[in-house]
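Notes follow the structure.
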Amino acid sequence: MLEFEKMLDAGVHFGHLKRKWNPKMAPYIFTEHNGMHIIDLYKTAAKAEEAAAALKQIAKSGKQILFVATKKQAKDIVANIVKEANMPYVTERWPGGMLTNFATIRKAVKKMGSLDKLLNSKDNNAISKRERLQIAREKAKLEKNLGSIAGLTRLPSALFVVDINKEHIAVAEAKRLNIPTFAIVDTNCNPDLIDFPIPGNDDASKSIALIVEYMCKSIEEGMQERKLDKDAQAEAQAKDTPETDATEENADKTAKRRPRKAVSKKNADNE
Numbered sequence: 002m003l004e005f006e007k008m009l010d011a012g013v014h015f016g017h018l019k020r021k022w023n024p025k026m027a028p029y030i031f032t033e034h035n036g037m038h039i040i041d042l043y044k045t046a047a048k049a050e051e052a053a054a055a056l057k058q059i060a061k062s063g064k065q066i067l068f069v070a071t072k073k074q075a076k077d078i079v080a081n082i083v084k085e086a087n088m089p090y091v092t093e094r095w096p097g098g099m100l101t102n103f104a105t106i107r108k109a110v111k112k113m114g115s116l117d118k119l120l121n122s123k124d125n126n127a128i129s130k131r132e133r134l135q136i137a138r139e140k141a142k143l144e145k146n147l148g149s150i151a152g153l154t155r156l157p158s159a160l161f162v163v164d165i166n167k168e169h170i171a172v173a174e175a176k177r178l179n180i181p182t183f184a185i186v187d188t189n190c191n192p193d194l195i196d197f198p199i200p201g202n203d204d205a206s207k208s209i210a211l212i213v214e215y216m217c218k219s220i221e222e223g224m225q226e227r228k229l230d231k232d233a234q235a236e237a238q239a240k241d242t243p244e245t246d247a248t249e250e251n252a253d254k255t256a257k258r259r260p261r262k263a264v265s266k267k268n269a270d271n272e
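Using the working numbering, the letters of the sequence shown map in sequence onto residues 2 to 272.
See below:
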């Protein structure tokens with residue numbers, strides 16, 4: 002569970018000004034101080050634990066979680082943390098129809114791969130210097146926007162968002178496709194839009210880093226448990242295989258012996 006002291010140090014409890022609040026966040030607000038709402042960190046810890054457990058199970062089943070954070074103070078932090086967990090992420094502009102028109106996005110990703118092959122091909126002498134430069138620029142643009150989702154071959158099984166007001170298009174697409182949503186929800190947001198809301202400061206870089214790291218740690222644990230389960234199954238199958246082979250070998254020997262006994266008895270009767 003997220004430690005109370007760490008959340009205080011990261012400023013997770015700081016909400017927005019009272020005049021900017023969303024009334025639906027009332028259950029998660031502890032008090033008001035100098036015109037600013039203070040988030041109840043005990044509820045933050047409980048919601049974070051619930052979200053982490055759900056993400057762990059999704060990762061354990063071998064599915065992918067897409068992280069979305071395009072705001073300036075979150076993009077680099079999220080990219081660095083999520084990259085270590087080997088999960089896809091979007092930290093540049095959200096491409097409209099990323100989820101609802103996923104086939105088109107996959108075509109763009111494949112095009113990026115084909116451009117890369119073309120540039121690195123040994124038979125590219127026929128391409129002029131100007132054409133090569135144009136191809137390199139197009140590839141760089143695609144790489145910037147779609148490079149982080151190159152490994153996303155199918156729709157993600159969950160969406161984790163930092164600042165649902167800024168990423169409202171991503172949230173709307175996920176809801177339309179019934180993809181579970183997880184998010185850091187500040188006091189100016191509507192938590193009802195998210196399946197697993199985590200009340201917290203979505204503007205401070207330390208707050209974002211603390212919560213995203215906690216989520217990714219749970220995801221890594223789920224992936225590790227999946228690996229251990231696979232290894233255990235493979236080991237169990239390896240142990241069963243020799244016994245099966247030995248049983249089949251003994252059965253073959255018995256089958257070969259029986260005809261010989263029958264022939265010997267027949268010869269004895271004839272004599």
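All C-beta atoms, glycine included, are put in the ideal place defined by N, C-alpha and C.
Predicted model, so just to flag it, every value in this text is computed and none were measured.
Considering only the alpha carbon of each residue, which of Phe-31, Ile-195, Arg-133 and Ala-205 lies closest to Ala-75?
Indexing the sequence shown from 1 puts residue 75 at position 74. Put simply, of Phe-31, Ile-195, Arg-133 and Ala-205 the residue whose alpha carbon is nearest the alpha carbon of Ala-75 is Ala-205.
Is the CB-CB distance between Leu-100 and Glu-174 below 7 Å?
The count along the sequence shown starts at 1 and reaches residue 100 at position 99. The count along the sequence shown starts at 1 and reaches residue 174 at position 173. Cβ distance < 7 Å, so Leu-100 and Glu-174 count as in contact.
Tell me the DSSP bridge mates of Pro-200?
Walking along the sequence shown from the start, residue 200 turns up at place 199. DSSP, once it has assigned bridges, lists Val-186 as partnering Pro-200.
For the alpha helix (DSSP H) that contains Ala-141, what are its first and last residues?
Residue numbering aside, residue 141 sits at position 140 when the sequence shown is read from its first letter. It spans 130 to 147 - the alpha helix (DSSP H) in which Ala-141 sits, taken as one unbroken run.
Trp-240 to Glu-226, Cα distance in whole Å?
As a working mapping, residue 240 is identified with position 239 in the sequence shown. As a working mapping, residue 226 is identified with position 225 in the sequence shown. One point to set straight first is that residue 240 is Lys, not Trp, in the sequence displayed. Taking the straight line joining both Cα atoms gives about 21 Å.
Taking His-38 and Trp-22 to be in contact with their CB atoms under 8 Å, please state how far apart those CB atoms are, rounded to whole angstroms.
Within the sequence shown, numbered from 1, the residue matching residue 38 stands at position 37. Within the sequence shown, numbered from 1, the residue matching residue 22 stands at position 21. The pair is a contact, with the Cβ atoms about 6 Å apart (cut-off 8 Å).
Between Arg-155, Gly-16, Tyr-29 and Phe-15, which has its C-alpha nearest Ala-104's C-alpha?
The residue given as residue 104 occupies position 103 in the sequence shown. Residue Arg-155 is the option with its Cα nearest to Ala-104.
Between Ser-219, Ala-235 and Arg-138, which has its C-alpha nearest Asn-87's C-alpha?
Within the sequence shown, residue 87 is the residue found at index 86, counting from 1. The option with the nearest alpha carbon to Asn-87 is Ser-219.
Does DSSP classify Val-110 as helix, strand or coil?
Against the sequence shown, residue 110 aligns to sequence position 109. Three-state DSSP puts Val-110 in a helix.
Should Met-281 be labelled buried (16 or more other beta-carbon atoms within 10 Å of its own) or exposed?
No information on residue 281 is available, as it lies outside the stretch 2 to 272 that the chain covers here.
Whose CA, out of Asn-102, Lys-142 and Cys-217, lies closest to the CA of Arg-177?
What you label residue 177 is simply residue 176 of the sequence shown in a count that begins at 1. Comparing Cα positions, the closest option is Asn-102.
From Thr-188 to Glu-168, what distance separates their C-alpha atoms?
Within the sequence shown, numbered from 1, the residue matching residue 188 stands at position 187. Within the sequence shown, numbered from 1, the residue matching residue 168 stands at position 167. When rounded, the distance between both Cα atoms is 16 Å.
State the start and end residues of the unbroken beta strand (DSSP E) segment that holds Met-37.
Mapped onto the sequence shown, residue 37 falls at position 36. Unbroken beta strand (DSSP E) run through Met-37: 37 to 40.
Alpha carbon to alpha carbon, how far is Asn-146 from Gln-234?
Residue numbering aside, residue 146 sits at position 145 when the sequence shown is read from its first letter. Residue numbering aside, residue 234 sits at position 233 when the sequence shown is read from its first letter. Asn-146 and Gln-234: Cα-Cα distance of roughly 39 Å.
Per DSSP, what kind of secondary structure is Gly-16 in: helix, strand or coil?
Within the sequence shown, numbered from 1, the residue matching residue 16 stands at position 15. Strand, per DSSP.
Please work out which residues of its chain come closer than 6 Å, Cβ to Cβ, to Ile-30, disregarding the five sequence neighbours upstream and downstream, and give them in chain order.
For the purposes of this step, residue 30 is identified with residue 29 of the sequence shown, where counting begins at 1. These residues qualify, in order along the chain: His-38.
Just curious, the alpha helix (DSSP H) that Leu-9 is in, first and last residue?
Start at 1 with the first residue of the sequence shown, and residue 9 comes out as number 8. If you look at Leu-9, you'll find it in the alpha helix (DSSP H) that goes 5 to 11.
Would you tell me roughly how many angstroms separate the C-alpha atoms of Leu-282 and Ser-129, rounded to the nearest one?
Shown here, the chain extends from 2 to 272; a query on residue 282 therefore has no answer.
Please identify the residue among Leu-153, Arg-138, Ile-40 and Gln-135 whose C-alpha is closest to the C-alpha of Lys-108.
If you number the sequence shown from 1, residue 108 lands on position 107. When only C-alpha atoms are compared, the closest one is Leu-153.
Does the Cβ-Cβ distance between Ala-137 and Val-162 come in under 7 Å?
Taking the sequence shown and counting its residues from 1, one reaches residue 137 at position 136. Taking the sequence shown and counting its residues from 1, one reaches residue 162 at position 161. No. Outside cutoff.
Tell me which same chain residues have a C-beta within less than 6 Å of the C-beta of Ala-52, skipping the five on either side of it?
For the purposes of this step, residue 52 is taken as the residue at position 51 of the sequence shown. For Ala-52, where only same-chain residues beyond five positions count, the Cβ hits under 6 Å are Phe-183, Phe-197 and Ile-199.
Per DSSP, what kind of secondary structure is Thr-92 in: helix, strand or coil?
Position 91 of the sequence shown, counted from the start, is the residue given in the question as residue 92. Coil.
Using only the alpha-carbon positions, how far apart do Ala-141 and Ala-151 sit?
Here residue 141 refers to the residue found at position 140 when the sequence shown is read from its first residue. Here residue 151 refers to the residue found at position 150 when the sequence shown is read from its first residue. Rounded to the nearest angstrom, the two C-alpha atoms are 14 Å apart.
Are the C-beta atoms of Thr-101 and some chain D residue less than 7 Å apart?
Absent here is chain D; the protein component of the structure consists of one chain.
Classify Leu-18 as buried or exposed, calling it buried when 16 or more other Cβ atoms lie within 10 Å of its own Cβ.
Reading the sequence shown from its first residue, position 17 is the one you call residue 18. Exposed, by the Cβ-count rule.
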